[in-house]
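Colleague: Under this note's numbering, the first residue of the sequence shown is numbered 915, with each subsequent residue one higher. Glycine included, each C-beta is placed from N, C-alpha and C at the ideal position.
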Amino acid sequence: MDERPSRQRIPRLWVPSVLLLAICLVQAGLSPAASKATVGEQGLAPIRSYIAASWDTLTRSMTKCDTVVDPKLAERSILYLPADFPAPPAVAQIRKKCNVQVEHLPVVITGPGQVDPAKLGAPGLLYLENSYVVPGGRFNEMYGWDSYFIIRGLLADGRIDKARAMVENFFFEIEHYGTILNANRTYFLT
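1. What residue range does the beta strand (DSSP E) around Val-1016 cover?
2. Note down the Cα distance separating Gln-1015 from Ala-1036, rounded to an integer number of angstroms.
3. Can you round the beta-carbon distance between Phe-1086 and Leu-1042 to whole angstroms, since I take them to be within the 8 Å contact cut?
4. Strictly by DSSP, which residues pair up with Arg-1099?
5. Can you tell me the Cα-Cα spacing of Ala-1097 and Tyr-1057, whole angstroms?
6. Secondary structure at Leu-1034, three-state DSSP: helix, strand or coil?
7. Write down the C-beta distance between Pro-1065 and Pro-1049 rounded to the nearest angstrom, noting that I regard them as a contact closer than 8 Å.
8. Determine the burial state of Leu-1040: buried for a count of at least 16 other Cβ atoms within 10 Å of its Cβ, exposed for fewer.
9. Return the CA-CA distance between Gly-1025 and Pro-960, expressed in angstroms with no decimal places.
10. Count the other CB atoms within 10 Å of the CB of Ile-1074; is the residue buried (16 or more) or exposed (fewer)?
11. What would DSSP say about Ile-1008, mapped onto helix, strand or coil?
12. Can you tell which of Leu-972, Leu-995, Lys-978 has its C-alpha closest to the C-alpha of Gly-1067?
13. Hey, out of Val-1047, Gly-1092, Arg-1052, Ala-1079, whose CA is closest to Ala-967's CA?
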């Protein structure tokens, strides 16, 4: 068993994640959005404007009630933190402001399937350190595969900081949830 602290372990998905980021950054520089606009592209201006404005509308953050409160639930929403992760001050604030229950996962997770979501008591959102863009207005979760394409769009649109934040969330998931999850909900810990 590896006895080094979790921050010193090199997650098995670290190399593929770095390669993914590198490919996205290279392709963003070679994308049509980075090239000179042609006359035919003038008709795309309203669409590009809509896309540029939508990134902020589709951004979610663990510091906002709209993200952590699930309106589909009758009971209080739960935000789960990794077992070995101290609650940041912003989490204490949303606990009060949003009336959200904050729990730590029962064990440190180093790989998929180490926590049975059915034994957690109630489903909930898994904490991520950075804001992220969701694939549509009704979602509050950062979805793994969707995020790859969202990151490509962010890079093509010059939103490097948002793309970087999402990649950092992938690293957070690997470090604290053992893998890149399908989405940051407890039922994806299987």
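Modeller: If we stick to the structure as given:
1. Its beta strand (DSSP E) spans residues 1015 to 1018.
2. CA-to-CA, the gap between Gln-1015 and Ala-1036 works out to about 11 Å.
3. With a contact defined as Cβ atoms closer than 8 Å, Phe-1086 and Leu-1042 qualify at about 6 Å.
4. DSSP output for Arg-1099 lists Leu-1039 as bridge partner(s).
5. Their backbone Cα atoms lie some 4 Å apart in a straight line.
6. Of the three classes helix, strand and coil, the one that applies to Leu-1034 here is helix, per DSSP.
7. Note on identity: in this sequence residue 1065 is Ile, with Pro being the wrong assignment. Their Cβ separation, rounded to whole angstroms, is 12 Å, which puts Ile-1065 and Pro-1049 out of contact at 8 Å.
8. Leu-1040 should be labelled buried.
9. When rounded, the distance between both Cα atoms is 44 Å.
10. Counting the other Cβ atoms within 10 Å of the Cβ of Ile-1074 gives fewer than 16, which makes it exposed.
11. Helix, per DSSP.
12. With distances taken between Cα atoms, Gly-1067 lies closest to Leu-972.
13. Among Val-1047, Gly-1092, Arg-1052, Ala-1079, the Cα nearest to that of Ala-967 is on Val-1047.
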